[in-house]
Structures are given as C-alpha cells and as structure tokens.
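Numbering (my numbering), first residue to last: 6 to 156.
Report on the structure given below.
Okay, structure coming up:
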C-alpha cells in the first residue's frame, strides 16, 4: 500500500537546500541552476553536451533493446519486451529515448543528466504492485505519445 495515497511515492530525499551555493544544496539544484545566463548560451551548452551524448552507452542498451525502441511508434509496441531487455529499467530507458528522439532536451533546455536524475527518482518511487506500477505508467505514457504523434 502506498502510504501517501499517491500512485507512486518518491523515496529520494534531497538534503535541505539553503541556497544554490551552499554545500548542502541538492545536487539537482546546485548542478543545474541557471544563473541569469543568456538563454542562447544555455541552449548552445546543451547542444554541445548532446553532441557527445551516446544514448546506447548512457542507457546501457543492447542491440535488442534498440530494436525494440525503434518500434515505439507502432501501436503494437510491447512494453514487457522492453522491460525484460532493459533489466526492468523501462521507464528510464523509454522516457530518455523519447526525449532524445524528439529533440526535447534542446527544445525544453533540459540537460540529460538533470533529466536522468529526475526520471530515475520517478521510477524508484513506483511500488511493485500488480497493476499500477512503473511498467503500467510507462505503457500509458508511451500510448499517449503514440496518439499524440500519429493521429
């Protein structure tokens, strides 16, 4: 049973944040704060990082995982195959893949490392219940993506 009554709960507790320069600031806040930088500079910085970003290496993807991901735009996409092939890391893998595939890191000016911390926290927060779990959550998200991009 989920104690908070939510579909998932996050067990990641960041240290109390005094300010972004403080040694107790959350790594997510401290590392990824955008200080009054020109938005064009931020965008260039993210684009440079993405040029070096190796999706296969970052997500530890096998050839079979990549083959499965290539079918993401098909209605018959099988989330269970992806789940098994990614060692039950389907939410992180598929969400990151969709962000990368659709240039959302650049379009939303989100650094891949920031997204990785966020999405791993979401995945870890899902309880292993029979139905409303991370596999179901990602399957619903993927189906929403399918309809949003194909209809």
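C-beta: ideal position from N, C-alpha, C; glycine also.
- Pairing residue 117 with residue 58 gives a Cβ-Cβ distance under 8 Å.
- Counting along the chain, the unbroken alpha helix (DSSP H) around residue 86 starts and ends at 84-90.
- The DSSP assignment places complete alpha helix (DSSP H) segments of no fewer than 4 residues inside the stretch 75-145 at 84-90, 95-106, 109-112 and 117-130, in order along the chain.
- Taking the Cα positions, residue 75 is about 28 Å away from residue 49.
- Sequence-distant partners of residue 87 (beyond 5 residues in either direction) whose C-beta falls short of 6 Å from its own C-beta, in its chain, are 73 and 95.
- CA-to-CA, the gap between residue 91 and residue 61 works out to about 11 Å.
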